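Trainee: Got a structure for you, written out below as structure tokens; questions coming shortly.
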Amino acid sequence: MSGGRIICVGLGPGDPELMSVRSDRLVRGAAHVAYFRKKGYEGQARRIVEGMLRADATEYAMDYPVTTEIHFSDPEYNRVMAGFYDLWAEKLCDLAGTETVLVLCEGDPFFYGSFMHLYTRLRERCAVEIVPGITGMSGCWTATGEPITWGDDVLTVVTATMSEADLTARARETDALVVMKIGRNLDKLKRALTAAGRLADAWLVERGTMPDQKVHRLAQVPEKVPYFSIVVVHGQGRRP
């Protein structure tokens, strides 16, 4: 183990006021701050902490080499992204030899977070600490104004990148449903929920808890939705 440490802080679903006290304290005191982003963009994690960083903080923007240009099933995608994570794991671990490095992560780092790919490369080489955060899906189902689960309801979380057949099966089998990673899979998801008889009960939340949050019935959403969108279908289980 090296002498320093890396701390990944979960920033919550988007509203800075939904960060934990611990995450807030660490963000405001950090001298070295790293975050993922799409090249040419500020990055959602960095946007959440705007105005909170020390004036003398050193920032490390980890620009993804690809996002949607290559499909994730393509071996080239895995090769390029693996090299990217290898490179940044080495850089951060070297820096953590003498410094505390804060890595920002939207939502919770261990829930579909990009930091997981660094964590598996770092945990045997450096001291690594994780600060959990409120998940994006929690912020989104709260935005609908309805509880996501009741009584004995089973909640299933899936990604819209799954096959249409698998999405349909999962939607049929569960009581409450959360769908992540909508992106270009919106039409496929609508077809799957229609086949499962759940489309009429589905909601889509864009940019949950953020100033430009929007809540729609999924059947009425436009053809394109932002990256930070989540679909929820509420459970209707046992109630006293």
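Heads up, the sequence shown is in our numbering, so the first residue is 9 and it goes up one at a time.
Note that the Cβ used here is the ideal one computed from N, Cα and C, for glycine as well.
Given the structure is predicted, the values throughout are model-derived calculations rather than measurements.
(1) Would you decide whether residue 116 is buried or exposed? Buried here means 16 or more other CB atoms lie within 10 Å of its CB.
(2) Taking the DSSP output, what are the residues bridged to residue 123?
(3) Start and end of the alpha helix (DSSP H) containing residue 96?
(4) Using beta-carbon positions only, say whether residue 217 and residue 22 come within less than 7 angstroms of one another.
(5) Grouping DSSP H, G and I as helix and E and B as strand, with all else coil, what is residue 31?
(6) Using only CA atoms, which one of 138, 137, 143 lies nearest to residue 120?
(7) Residue 146 by DSSP, collapsed to three states: which one?
(8) Counting only runs that start and end within the region 133-187, where is the beta strand (DSSP E) found for 3 or more residues in a row?
(9) Within a Cβ cutoff of 6 angstroms, which residues of the same chain sit near residue 166, ignoring the five residues on either side of it in sequence?
(10) Measure the C-alpha to C-alpha separation of residue 56 and residue 90 and round it to an integer number of angstroms.
(11) Whole angstroms is fine: what's the gap from residue 50's alpha carbon to residue 189's?
(12) Which term fits residue 25, buried or exposed, when burial requires 16 or more other beta carbons within 10 angstroms of its beta carbon?
(13) Are there 16 or more other CB atoms within 10 angstroms of the CB of residue 242, so buried, or fewer, so exposed?
(14) Buried or exposed: which applies to residue 215, given that a residue is buried once 16 or more other Cβ atoms fall within 10 Å of its Cβ?
(15) To the nearest angstrom, how far is it from the Cα of residue 220 to the Cα of residue 107?
(16) Is residue 116 helix, strand or coil by DSSP?
(17) Between residue 164 and the rest of its own chain, which residues show a CB-CB distance below 6 angstroms, the 5 nearest in sequence each way excluded?
(18) Compare the C-alpha of residue 37 against each of 61, 17, 48, 29 and name the closest.
(19) Which first and last residues belong to the alpha helix (DSSP H) in which residue 195 is found?
(20) Which residue's Cα is closest to the Cα of residue 18: 112, 69, 54, 34?
(21) I'd like to check one pair, residue 245 with residue 160: are the Cβ atoms closer than 7 angstroms?
(22) Taking the Cβ atom as the reference point for each residue, do residue 239 and residue 210 lie within a distance shorter than 7 angstroms?
(23) Can you name the residues that DSSP bridges to residue 236?
(24) According to DSSP, is residue 5 part of a helix, a strand, or is it coil?
(25) The beta strand (DSSP E) spanning residue 45 covers which residue range?
(26) Would residue 298 and residue 70 be called neighbours here (beta carbons separated by less than 7 angstroms)?
Mentor: This is what the structure holds:
(1) Indexing the sequence shown from 1 puts residue 116 at position 108. So residue 116 ends up on the buried side.
(2) Taking the first residue of the sequence shown as position 1, residue 123 is located at position 115. Residue 123 pairs with nothing; no bridge assigned.
(3) For the purposes of this step, residue 96 is taken as residue 88 along the sequence shown, with counting starting at 1. Its alpha helix (DSSP H) spans residues 83-103.
(4) The sequence position of residue 217 within the sequence shown is 209, counting from 1. The sequence position of residue 22 within the sequence shown is 14, counting from 1. It is a contact, given that the beta carbons lie within the stated cut-off.
(5) The sequence position of residue 31 within the sequence shown is 23, counting from 1. Three-state result, residue 31: helix.
(6) Numbered from its first residue, the sequence shown carries residue 120 at position 112. Among 138, 137, 143, the Cα nearest to that of residue 120 is on 143.
(7) Residue 146 sits at position 138 when you count from the first residue of the sequence shown. If DSSP states are grouped into helix, strand and coil, residue 146 belongs with the helices.
(8) 135-139, 163-167
(9) In the sequence shown, counting from the first residue as 1, residue 166 sits at position 158. 178, 187, listed in sequence order.
(10) In the sequence shown, counting from the first residue as 1, residue 56 sits at position 48. In the sequence shown, counting from the first residue as 1, residue 90 sits at position 82. Computed Cα separation, rounded: 27 angstroms.
(11) As a first step, residue 50 is located in the sequence shown; it is residue number 42 there, counting from the start. As a first step, residue 189 is located in the sequence shown; it is residue number 181 there, counting from the start. Distance from the CA of residue 50 to the CA of residue 189, rounded to the nearest whole angstrom, comes to 20 angstroms.
(12) Here the question's residue 25 lines up with position 17 in the sequence shown. So residue 25 ends up on the exposed side.
(13) Taking the first residue of the sequence shown as 1, we reach residue 242 at position 234. When all chains shown are included, residue 242 counts as buried.
(14) Within the sequence shown, the letter at position 207 stands for residue 215. Residue 215 should be labelled buried.
(15) Counting from 1 along the sequence shown, the entry for residue 220 is found at position 212. Counting from 1 along the sequence shown, the entry for residue 107 is found at position 99. C-alpha separation (whole angstroms): 36 angstroms.
(16) Position 108 of the sequence shown, counted from the first residue, corresponds to residue 116. DSSP places residue 116 in coil when its eight states are reduced to three.
(17) By one-based count along the sequence shown, residue 164 stands at place 156. Around residue 164: 178, 182, 185.
(18) Along the sequence shown, read from residue 1 onward, the residue named residue 37 stands at position 29. Answer by Cα proximity: 61.
(19) As a first step, residue 195 must be located in the sequence shown, where it is residue number 187. Element bounds for residue 195: 194-203.
(20) Walking along the sequence shown from the start, residue 18 turns up at place 10. Considering only alpha carbons, the answer is 112.
(21) In the sequence shown, the residue the question calls residue 160 occupies position 152. In the sequence shown, the residue the question calls residue 245 occupies position 237. Yes, these two residues count as a Cβ contact at 7 angstroms.
(22) By 1-based counting over the sequence shown, the position of residue 239 is 231. By 1-based counting over the sequence shown, the position of residue 210 is 202. Yes, these two residues count as a Cβ contact at 7 angstroms.
(23) Taking the first residue of the sequence shown as position 1, residue 236 is located at position 228. BP columns for residue 236 are empty, so no partner.
(24) This structure does not reach residue 5, given that the chain is present from 9 up to 248, and the question cannot be answered.
(25) Within the sequence shown, residue 45 is the residue found at index 37, counting from 1. Where residue 45 is concerned, the enclosing beta strand (DSSP E) stretches over 40-46.
(26) A question about residue 298 goes unanswered here, because the residues of the chain that appear run from 9 up to 248.
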